[in-house]
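Chains as they are written, first to last, in full-length UniProt numbering: chain W, 1 to 300; chain B, 1 to 290. For reference, the structure discussed in these notes is given below.
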């Protein structure tokens, strides 16, 4: 959404429902045409978004209906839906789980691992990327090592992590950290490489010295790419976390999902999957709104 | 206003025995050779020349971004070694900081100098007022038109009270109407601040209209081919561009630059060839118009 149309829309968005909600007493005859005009205009301006929301809702309902039918008739057509839980089963088990402190503990533990692993990765990868982008020697020293380690998927680190760290919890956080570290580092480096040299020159002939240029030019100029890195890093952090929990965990939403399979609680498998999806979506929305707060000049 | 008034009466630029060459795999390539120019305090001087002649290179050396291979650049007798806020610069690509509002952009130089927030805010407001931009102080640059952006660029460069203002084809990206207005604004500011200006352009009309003197450069490797005083009286009006005096200056500069442009193109098109074409444009032959 570009910023200028949004500005134009806001007052109307607030106005339309207010006016419509007012009881139409004596003045109704005078006011009504204006109200209708405002609603009509609001509709015209938001047609595209309304359409998208409507189609989106229809498509989600259709997805649930197809899922329901496939499980109801236990369809077997290459893929076997024999044991797949129906949407209603999942709904029932989710209402039960919401009241179950054990399920909430699984969720909270996974969130805690993500927060620690991701925060640690951001706190190291962003400054490292900024410094590597600015100081050639550090780039020359660190980059080859990072390029060798980067293609190794975080999950491949599981055995090594278990050896390295004294507790299971630490090794899982370490896997999460590794998953998000490289996307953040690579995007920060990319952002630094793309800083417009003319802006650096402009700052220099306005009297800026090294540290000021770093703070006032390089850092804000790289921010959009840093946030891209954080978004990607958050996604990979969840992937790595769930895999690590399935392999070596005792708690966590990944462990919950795997345990449900072992215990033949099929509805809980889908519940675990949906919970992971919701958590992933929420965390990426959080990062996106943090990005919007940090970059008020941006168009997105 | 008070921030900038103190700067008048200084700002003599001198470029002596200047040469600058780049190292490439095939050896060194001369961009500018054997060049002398000067700008007197408060003078408006333009450099014109065919594209690639090194006029921007020369300007960047005066700004302190490039080191001369030979010779030296001085401002008020002091050798230029690195960029400084004493030499304000305006770029063709505006180069405003997109993450700063218009006012924050203008404040930047003052902030770098350590001026406290309220004082620099006041100074920035005053300057923006002079440029007719006070209504836009809280806007981010991407909401502004090209002409407004460049006005901010000029105001930002002037905010620190520099002795000289260097402009590198500042209006090259603007449409013709906006360019005329910007030229007027620049002239007004220059006359008010009595600052020395070194202006690089490829637009001959612009150079004549704005300047006290114009240097014409040769094709690469660039050097000064001619120095043309512009005796047109001030204040200058747009209508003067039709005067016979202006047109004579224009014709002179045109022919100088045409020679160099043809050289730069490897002399593929001969002058005779062009004259032989003899196409009529509004009663003038193509060769005359060119």
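Built from N, CA and C at the ideal position, the CB exists for glycine as well.
Original post:
Of the residues that make up the stretch 159–175 of chain B, which ones have a beta carbon closer than 7 Å to any beta carbon in chain W?
Top reply: Listed by position, the residues of the stretch 159–175 of chain B near chain W (Cβ gap below 7 Å) are 160.
Original post:
Looking at the structure shown, is residue 74 of chain B part of a helix, part of a strand, or coil, going by DSSP?
Top reply: The residue given as residue 74 of chain B occupies position 74 in the second chain. In the three-state reduction of the DSSP assignment, residue 74 of chain B falls in the strand class.
Original post:
Residues of chain W with CB under 9 Å from residue 65 of chain B, in chain order?
Top reply: The sequence position of residue 65 of chain B within the second chain is 65, counting from 1. In chain order: 201, 204, 205.
Original post:
Helix or strand or just coil, what does DSSP make of residue 136 of chain B?
Top reply: Counting from 1 along the second chain, the entry for residue 136 of chain B is found at position 136. In this structure, residue 136 of chain B counts as helix in the three-state DSSP scheme.
Original post:
Is residue 211 of chain W helix, strand or coil when you go by DSSP?
Top reply: The sequence position of residue 211 of chain W within the first chain is 211, counting from 1. Residue 211 of chain W falls in the helix class under three-state DSSP.
**OP:** For chain W, find out if any of its Cβ atoms is closer than 7 Å to the Cβ of residue 85 of chain B; answer yes or no.
**Re:** Taking the first residue of the second chain as 1, we reach residue 85 of chain B at position 85. It does: the Cβ of residue 85 of chain B has a partner Cβ on chain W nearer than 7 Å.
**OP:** Report yes or no: do the stretch 212–219 of chain B and the stretch 49–60 of chain B share at least 3 C-beta pairs separated by less than 8 Å?
**Re:** Judged by Cβ distances under 8 Å, the stretch 212–219 of chain B makes contact with the stretch 49–60 of chain B, as three or more pairs qualify.
**OP:** Give me the Cβ distance between residue 207 of chain W and residue 173 of chain B, rounded to the nearest whole Å; I'm assuming they're in contact under 8 Å.
**Re:** Here the question's residue 207 of chain W lines up with position 207 in the first chain. Here the question's residue 173 of chain B lines up with position 173 in the second chain. Actually they do not touch by this definition, with Cβ atoms about 26 Å apart.
**OP:** Look at the Cβ atom of residue 223 of chain W, then the Cβ atom of residue 129 of chain W, and state whether they are nearer than 7 Å.
**Re:** In the first chain, counting from the first residue as 1, residue 223 of chain W sits at position 223. In the first chain, counting from the first residue as 1, residue 129 of chain W sits at position 129. No, the pair does not count as a contact, with Cβ atoms beyond the cut-off.
Original post:
If we ignore side chains and look at the alpha-carbon of each, how far apart do residue 188 of chain B and residue 12 of chain B end up?
Top reply: In the second chain, residue 188 of chain B corresponds to position 188, counting from 1. In the second chain, residue 12 of chain B corresponds to position 12, counting from 1. Here the alpha carbon of residue 188 of chain B sits roughly 20 Å from the alpha carbon of residue 12 of chain B.
Subject >> Selection of the stretch 215–228 of chain W by Cβ proximity to chain B, strictly under 9 Å >> reply: Residues of the stretch 215–228 of chain W with a C-beta atom less than 9 Å from some C-beta of chain B are 216, 217, 220, 221, 223, listed in chain order.
Original post:
Taking DSSP as the reference, what is the three-state secondary structure of residue 196 of chain B?
Top reply: In the second chain, counting from the first residue as 1, residue 196 of chain B sits at position 196. Of the three classes helix, strand and coil, the one that applies to residue 196 of chain B here is strand, per DSSP.
Original post:
If you draw a straight line from the C-alpha of residue 162 of chain B to the C-alpha of residue 118 of chain B, how long is it?
Top reply: Residue mapping note: residue 162 of chain B aligns to position 162 of the second chain, counting from 1. Residue mapping note: residue 118 of chain B aligns to position 118 of the second chain, counting from 1. A direct Cα-Cα distance of roughly 21 Å separates residue 162 of chain B from residue 118 of chain B.
**OP:** Could you tell me which residues DSSP puts in a beta bridge with residue 16 of chain B?
**Re:** Along the second chain, one-based indexing puts residue 16 of chain B at 16. DSSP lists B:72 as partners of residue 16 of chain B.
Subject >> Closer than 6 Å: residue 116 of chain W CB and nearest the ligand GTP heavy atom >> reply: Ligands displayed in this structure: none; no statement on the ligand GTP is therefore possible.
**OP:** Put residue 22 of chain W into one of helix, strand or coil per three-state DSSP.
**Re:** Along the first chain, read from residue 1 onward, the residue named residue 22 of chain W stands at position 22. A caution first: residue 22 of chain W carries a pLDDT of 46, below 50, which makes its placement in the model unreliable, though a value can still be read off. Looking at residue 22 of chain W - three-state DSSP - the assignment turns out to be coil, as it is neither helix nor strand.
**OP:** Could you name the residues of chain B that residue 289 of chain W contacts, counting a contact when the two beta carbons are closer than 9 Å?
**Re:** Looking up residue 289 of chain W in the first chain gives position 289. Correct list: empty, because the minimum Cβ distance to chain B is about 18 Å.
Subject >> Residues of its chain near residue 179 of chain W, where Cβ-Cβ distance is below 6 Å and the 5 sequence neighbours each way are ignored >> reply: Within the first chain, residue 179 of chain W is the residue found at index 179, counting from 1. Excluding residues up to 5 positions away in sequence, 154, 236, 237, 240 lie with their Cβ nearer than 6 Å to the Cβ of residue 179 of chain W in the same chain.
Subject >> Three-state secondary structure (DSSP) of residue 27 of chain W >> reply: On the first chain, position 27 is the one that residue 27 of chain W refers to. Unreliable placement is indicated for residue 27 of chain W, whose pLDDT of 49 sits below 50; no coordinate value is reported for it.
Original post:
Below 7 Å between beta carbons: does that hold for residue 253 of chain W and residue 276 of chain W?
Top reply: Locating residue 253 of chain W in the first chain gives position 253, counting from the first residue. Locating residue 276 of chain W in the first chain gives position 276, counting from the first residue. Yes.
Original post:
What's the call for residue 68 of chain W, buried or exposed, on a 16-neighbour Cβ count within 10 Å?
Top reply: Translated into positions along the first chain, residue 68 of chain W becomes position 68. Under this definition residue 68 of chain W is an exposed residue.
Original post:
Are the CB atoms of residue 134 of chain W and residue 182 of chain W nearer to each other than 7 Å?
Top reply: Residue 134 of chain W sits at position 134 when you count from the first residue of the first chain. Residue 182 of chain W sits at position 182 when you count from the first residue of the first chain. Taking 7 Å as the Cβ cut-off, residue 134 of chain W and residue 182 of chain W do not qualify as a contacting pair.
Original post:
Quick one: is residue 216 of chain W buried, meaning 16 or more other Cβ sit within 10 Å of its Cβ, or exposed?
Top reply: On the first chain, residue 216 of chain W is found 216 positions in, with the first residue counted as 1. Buried is the call here.
Original post:
For residue 154 of chain B, which of B:176, B:135, B:184 has the nearest alpha-carbon?
Top reply: For the purposes of this step, residue 154 of chain B is taken as residue 154 along the second chain, with counting starting at 1. Of the candidates B:176, B:135, B:184, the one whose C-alpha sits nearest the C-alpha of residue 154 of chain B is B:184.
Original post:
Quick one: does residue 199 of chain B have its CB under 7 Å from some CB of chain W?
Top reply: Sequence index remark: in the second chain, residue 199 of chain B carries index 199 (1-based). It does not: the Cβ of residue 199 of chain B has no partner Cβ on chain W nearer than 7 Å.
**OP:** For my contact list, residue 45 of chain B and residue 15 of chain B are in at a C-beta cut-off of 8 Å; report their separation, rounded to the angstrom.
**Re:** As a position in the second chain, residue 45 of chain B is number 45, starting the count at 1. As a position in the second chain, residue 15 of chain B is number 15, starting the count at 1. Rounded to the nearest angstrom, the Cβ distance from residue 45 of chain B to residue 15 of chain B is 11 Å, too far for a contact under 8 Å.
Original post:
In or out: residue 177 of chain B buried (at least 16 other Cβ within 10 Å) or exposed?
Top reply: By one-based count along the second chain, residue 177 of chain B stands at place 177. With fewer than 16 other Cβ atoms within 10 Å, it is exposed.
**OP:** Could you pull out every residue in the same chain whose Cβ sits closer than 7 Å to the Cβ of residue 272 of chain W, ignoring the five residues on either side in sequence?
**Re:** As a first step, residue 272 of chain W must be located in the first chain, where it is residue number 272. Closer than 7 Å at the Cβ level, and outside the excluded window around residue 272 of chain W, lie 253, 256, 257, 260.
Original post:
So which of B:77, B:58, B:78, B:76 has the shortest CA-CA distance to residue 69 of chain B?
Top reply: Counting from 1 along the second chain, the entry for residue 69 of chain B is found at position 69. Of the candidates B:77, B:58, B:78, B:76, the one whose C-alpha sits nearest the C-alpha of residue 69 of chain B is B:58.
**OP:** Measure the C-alpha to C-alpha separation of residue 10 of chain B and residue 76 of chain B and round it to an integer number of angstroms.
**Re:** Residue 10 of chain B sits at position 10 when you count from the first residue of the second chain. Residue 76 of chain B sits at position 76 when you count from the first residue of the second chain. Their backbone Cα atoms lie some 7 Å apart in a straight line.
**OP:** Determine, using beta carbons only, whether residue 67 of chain W comes closer than 7 Å to chain B.
**Re:** Taking the first chain and counting its residues from 1, the one referred to as residue 67 of chain W is at position 67. Not closer than 7 Å to any Cβ of chain B, the Cβ of residue 67 of chain W fails to qualify, so no.
**OP:** Taking residue 198 of chain W as the query, report the chain B residues whose CB atoms sit under 8 Å from its CB, ordered along the chain.
**Re:** In the first chain, counting from the first residue as 1, residue 198 of chain W sits at position 198. Result: 91, 93, 95.
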